[in-house]
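Protein chains in written order, with the numbering used here: chain A, 661 to 1055; chain B, 661 to 1055. Ideal placement from N, C-alpha and C gives every residue a C-beta, glycine not left out.
2 protein chains.
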Amino acid sequence: MAAIGATPRGGVRRLALSAEDAAARALFRRWCEEIGCTVRQDAAGNLFARREGRDPSRPPVLIGSHLDSQPTGGKFDGALGVLAGLEVLRTLAETGTETEAPIELVNWTDEEGARFGRAMIGSGIWAGQLDPAETEALTDAEGITLGAALNAAGARGAVPARAFAADSYFELHIEQGPILERAGKRIGIVTGAQAQIWLRATLRGQESHAGTTPPSARRDALAGAAEMVLLVERIMQDAGEAGRGTVGALAVAPGSPNVIPGEVRFSVEFRHPEEAQLAAQAERFRTEAAAIAARRGLALVLEERFRIPAQPFDPACVALVRQAAERLGLPAMEIVSGAGHDAVHVAAVVPTAMIFVPCREGLSHNEAESIDPSEAADGAAVLLEVVLARAGRVG
Amino acid sequence: MAAIGATPRGGVRRLALSAEDAAARALFRRWCEEIGCTVRQDAAGNLFARREGRDPSRPPVLIGSHLDSQPTGGKFDGALGVLAGLEVLRTLAETGTETEAPIELVNWTDEEGARFGRAMIGSGIWAGQLDPAETEALTDAEGITLGAALNAAGARGAVPARAFAADSYFELHIEQGPILERAGKRIGIVTGAQAQIWLRATLRGQESHAGTTPPSARRDALAGAAEMVLLVERIMQDAGEAGRGTVGALAVAPGSPNVIPGEVRFSVEFRHPEEAQLAAQAERFRTEAAAIAARRGLALVLEERFRIPAQPFDPACVALVRQAAERLGLPAMEIVSGAGHDAVHVAAVVPTAMIFVPCREGLSHNEAESIDPSEAADGAAVLLEVVLARAGRVG
């Protein structure tokens, strides 16, 4: 799978609904059909590979993740969950193991949000968290709508994109952070996902000549933005190791070395496991950023792009993950997901849990993203355990 | 002149050697020929309109500026100096005033540097400060070389582009800053141009996931760059009102809201009338920026793009400007040019001075650039005085 969209530095570039993503989807379909699964695609491009159960009327156990990547992404982010799910199905096929309930392996469309500016699209539409029409109208940098891209990639399935009755959903994913590795643990028992708030800031000053404008006459939008970047960092640090606060995108206009910046636009996001804490952080940012702007004679506009509530996972599903790790003798710890995942959307409508495995130095969204094969095997082993527990082994 | 390349918001777009610039050059030529001047063009496109003196063997007094503009520039930046020079020649023609020495009004090619990435090109080649072959190989955003653009605009003259013996050079220009307006002065007696140093900084940290990377594991290139932007501002402020320090361009990679920035590239420029002060500022920036990078685990590379020495103007020419303002009863003050000007190149080979007039709120490189007609008239009156003093009125 990593050969599709492989980059020279060992990562992948497999943007959602690109030619590379289409190739990955075709390979997924072929591999699933080779082991006797029936593959269907919904109107949002989500691919479901069904391994029938002894009782086809029982709601299926869902497992999976996503095959799309960041522009310079790693080989494991998303793909691990899909391919470990495939490995579970292959293991059942090779050992002739039958389950009571069907098992469906899913590849969700556009988890990364790198192309159309919104993440977890396929699972969000499926779980009723995103409006399909509004979402399909999102455009990429070339003005192509998500709807048009779905059609172009052959990803527009006939099945409606909406949640169906499912027993449970389990997603294996790399942690994408350094916590498990630092703690020397092999398995993360993910108890839920932290709350997020995303803001867009526009800061306007006065564009003027860098050589002729004395200090007292400057209204430098970039200097003001620099203070706000450090404010975000300070708010994060004040929350201790659970704190997350990031300015990831920042654009300067006019962006010429000898012109004092007149306008800076930047993103701000905070995340925290507790919503009250998160709200307090966002409020502190609004207050202190407004004071910075006022002191510098700048005009600040803050728009809230979105807010994701904290999403606790299903206690019974989480307990199954804990028990599987124990049974397999794998050192495990509870962890709150710092990243958004398809599982966060799915958890709104289906009992859900996630399994994390460590990745080197916590690196992700990066071509250097790396895990040890034994860690992938551990994660897949836990996934197999919980799937068998939930779907029921026949005989 | 402002009708050529006029923009909807009252400015001009007359990029060097564009169709608009060619039209401006043709109008300049016509206006000069209408009052009996002989116009010649050199190989760098510099246009010289000569009004003969009683003694043609005397080196001419040069006056002028440039007709090209920024992409969204103002009507007065450059054009004021050329058209005030034309007004001087017209006044001499209308009053039948003869001078001992010839007077040459010059329109220098591509002062702005907005198209080919280097400023003050025509005067730089003329004064031997720029290599003609290297300069002509510069390309614009469409890959057109400056040499090809010279030919396409009909601006390739037969006369070699090199300095000839000239008595003096006077350039009237808007201040492009707020100092005269704030001080309530009508005339700036420009004593020289400040020294400049331009750096390019590349700061590398660790690209990683905004949601999963705890504070202690972050190496955020943008947070480090933010400290350096504020360091530039502090160094500027410590130099008082003469200080100039600007980060005008800054680009973040990968530039995604949920990815901790792995790399930031930004420009740094400092300017100061005194070279020793400037060198100390640059040194302080290097030292303190290196400390910021080290503390944050970031890798900083600083490249010096160029350094422009301070250019004092000719004391005798500067004195003439002062005397003219006094004689005309115009409130005047000494000022150091914060911007680069053709006069800075010319001063290397010809006794030179500049005359500044205020502009509203110091705005320039901006469509809203504005001056009062009486200020244009004052500037032209001072220019006429110094030209007559230098060229010698006959009789």
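Rounded to the nearest whole angstrom, the C-alpha separation of L810 (chain B) and I664 (chain A) is 48 angstroms.
Interface annotation, E1027 (chain B): not in contact with chain A, CB-CB separation never under 7 angstroms. Looking from the CA of I857 (chain B), the closest CA among B:F945, B:G922, B:W786 belongs to B:F945. Neighbours of P875 (chain A) in chain B, taken as residues whose beta carbon is under 7 angstroms from its own, are M896, Q897, E901, G903 in chain order. A951 (chain A) sits exposed, since fewer than 16 C-beta atoms from the chains shown fall within 10 Å of its C-beta. Boundaries for R894 (chain A): no beta strand (DSSP E) harbours it, while the alpha helix (DSSP H) harbouring it runs 881–898, taken from the DSSP string. Cβ contact annotation for E841 (chain B) (same chain, cutoff 6 angstroms, sequence separation greater than five): P1018, in chain order. Shown here, E694 (chain B) sits in a helix according to DSSP, grouped into three states. Counting the other CB atoms within 10 Å of its CB gives F830 (chain B) a total of 16 or more, which places it among the buried residues. If you look at E841 (chain B), you'll find it in the alpha helix (DSSP H) that goes 839–843. In the DSSP assignment, the residues bridged to R860 (chain A) are A:S927, A:E963. Distances from the alpha-carbon of A939 (chain A) to those of A:G905, A:A666, A:M993, A:P716 put A:G905 closest. Any Cβ of chain B closer than 7 angstroms to the Cβ of L722 (chain A) would place that residue at the interface, and such an atom is absent. L727 (chain B) is a Cβ neighbour of A684 (chain B), given a cutoff of 7 angstroms. Not a single C-beta of chain B is nearer than 7 angstroms to the C-beta of Q971 (chain A). Chain-order list of chain A residues neighbouring A909 (chain B): V912, G915, S916, P917, by C-beta distance under 8 angstroms. Under DSSP, P972 (chain B) takes part in a beta bridge, and its partners are B:G852. Setting aside the 5 residues that flank it on each side, R690 (chain A) has no residue in the same chain whose C-beta is closer than 8 angstroms to its C-beta. Annotated three-state conformation of V1010 (chain A) is coil, per DSSP. The alpha-carbon of A913 (chain A) is positioned some 54 angstroms away from that of R711 (chain A). Taking the Cα of T755 (chain B) as reference, the smallest distance to any Cα among B:A761, B:P762, B:E747 is reached at B:E747. Measuring C-alpha to C-alpha distances from A815 (chain A) to each of A:V1009, A:L677, A:S916 identifies A:L677 as the nearest. Look at the stretch 761–789 of chain A and you find these whole runs of alpha helix (DSSP H), each 4 residues long or longer: 781–786. Residues are counted here when their Cβ sits less than 8 angstroms from a Cβ of chain B; for the stretch 824–841 of chain A these are E835, Q836, G837, P838, I839, given in chain order. If you check each beta-carbon in the stretch 994–1008 of chain A against every beta-carbon of chain B, the ones closer than 8 angstroms belong to S997, G998, A999, G1000. One Cα belongs to A709 (chain A), the other to P917 (chain B), and the distance between them is close to 33 angstroms.
Out of B:A826, B:S783, B:P716, the CA that lies nearest to the CA of N706 (chain B) is found in B:S783.
Closest by C-alpha distance to M993 (chain A), out of A:A1041, A:A739, A:Q854, A:A843, is A:A843.
Under the three-state reduction of DSSP output, F945 (chain B) falls in the helix class. Neighbours of I920 (chain B) in chain A, taken as residues at a C-beta separation under 8 angstroms, are given in chain order as T906, G908.
Under the criterion of beta carbons closer than 8 angstroms, V672 (chain B) and A679 (chain B) do not qualify as touching, at roughly 13 angstroms.
Pairing A1037 (chain B) with L988 (chain B) gives a Cβ-Cβ distance that is not under 7 angstroms. In its chain, beyond the 5 residues on either side, S828, D974, C977 have a beta carbon closer than 6 angstroms to the beta carbon of P1011 (chain A). Scanning its chain for C-beta atoms nearer than 6 angstroms, with the 5 sequence neighbours on each side dropped, one finds around R931 (chain A) the residues Q854, Q856, R904, in chain order. In the three-state reduction of the DSSP assignment, F688 (chain B) falls in the helix class. Among the residues facing chain A, L882 (chain B) is included, as its CB has a counterpart in that chain under 7 angstroms away.
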